[in-house]
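Heads up: the sequence shown is residues 0 to 194, going by numbering that gives the first Met the number 0.
A virtual CB, placed ideally from N, CA and C, is assigned to each residue, including glycine.
These figures come from a predicted structure and were not determined experimentally.
Worksheet: one structure, shown below.
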Amino acid sequence: MNGIIQELKYKQSIVKYVLRKCDICLTNLQPLKDLYFTYFDTIQTGIREKDLECGKDVNSVMKDIDNLCSNNNYVFIAQNAKYESNILSHYTDKFRGIAKTPIIYTILIAKKFLPNLENYKLDTLRRTFDIPIPRDRHRALSDCYLIAKKFFKLIKLQQDKFKIKYLEELLNIEKINTKYNDEFKQITLEEYFDL
């Protein structure tokens, strides 16, 4: 069991590395034309519209993410994959690395592994797994760390009860894929996450 925990910690350090690279991509992303930050957005995130004035445009950010995805076998892990995949689908014609990257929908996975929760909001799952609230909750990087921690807890939770062995099995639970998902070689969760 200690080996599994050590491997999870190792994989979490890889996740942190990828998230740091993605944070560089996400830092000061300019909003799309005719979209504006609201007072509620500022209260929730601490980001002000003027903070984004010198930010990168969406296509530049998508190109950075596409470069990461093109050269690696990544999987997007999202709390609300329907929302995230809808955003990404606008860019999959242009960015094939993003298009080939499957998305894991953690809400549906949590519903399968924890069927009796009152709801499946990120904060409910955070409390269920006793994950501390990040200092800057509702910021992209902190929420990504939170989702990654929750995902690893879900993987660990299912090992005894569901014995899901293949990444494809996990993807089949929730059926959310990118627009042009390529067929990929079936690999075990242990191989993918070095469990």
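Residue environment, residue i, which counts as buried when at least 16 other CB atoms sit within 10 Å
| i | result |
| --- | --- |
| N171 | exposed |
| I154 | buried |
| F258 | In this structure the chain extends from 0 to 194, so residue 258 is not present and cannot be described. |
| K34 | Checking the sequence shown, residue 34 turns out to be Leu, not Lys. Burial call: exposed. |
| C68 | buried |
| I97 | buried |
| I163 | buried |
| N118 | exposed |
| L124 | buried |
| N70 | exposed |
| Q5 | No answer about Q5 holds up, because its pLDDT of 42 lies below 50 and its placement is not dependable. |
Closest Cα partner of residue i within the set the options
| i | options | result |
| --- | --- | --- |
| D65 | N79, Y90, I106 and Q157 | Y90 |
| S88 | D142, M61, Y144 and A109 | M61 |
| D92 | N58, G54, C53 and D159 | N58 |
| D122 | L169, E167 and D142 | D142 |
| I46 | L166, L145, D135 and S84 | D135 |
| L169 | L124, L51 and V74 | V74 |
| K160 | N85, P114, L51 and D63 | P114 |
| L145 | K110, K120, N70 and N71 | K120 |
Within 7 Å, strictly: CB atoms of residue i and residue j
| i | j | result |
| --- | --- | --- |
| H137 | T44 | yes |
| L156 | F112 | yes |
Rounded Cβ spacing between residue i and residue j (contact assumed at less than 8 Å)
| i | j | result |
| --- | --- | --- |
| E48 | F36 | 4 Å |
| G54 | L31 | Incorrect: roughly 12 Å between the Cβ atoms, too far for contact. |
Practice prompt. Would you be able to state if there are at least three C-beta pairs under 8 Å between the region 128–140 and the region 96–111?
Written response: no
Worksheet item: Do the region 143–158 and the region 111–131 meet, that is, are 3 or more Cβ pairs less than 8 Å apart?
Response: yes
Worksheet item: Any contact of the region 72–87 with the region 102–122, i.e. 3+ C-beta pairs under 8 Å?
Response: yes
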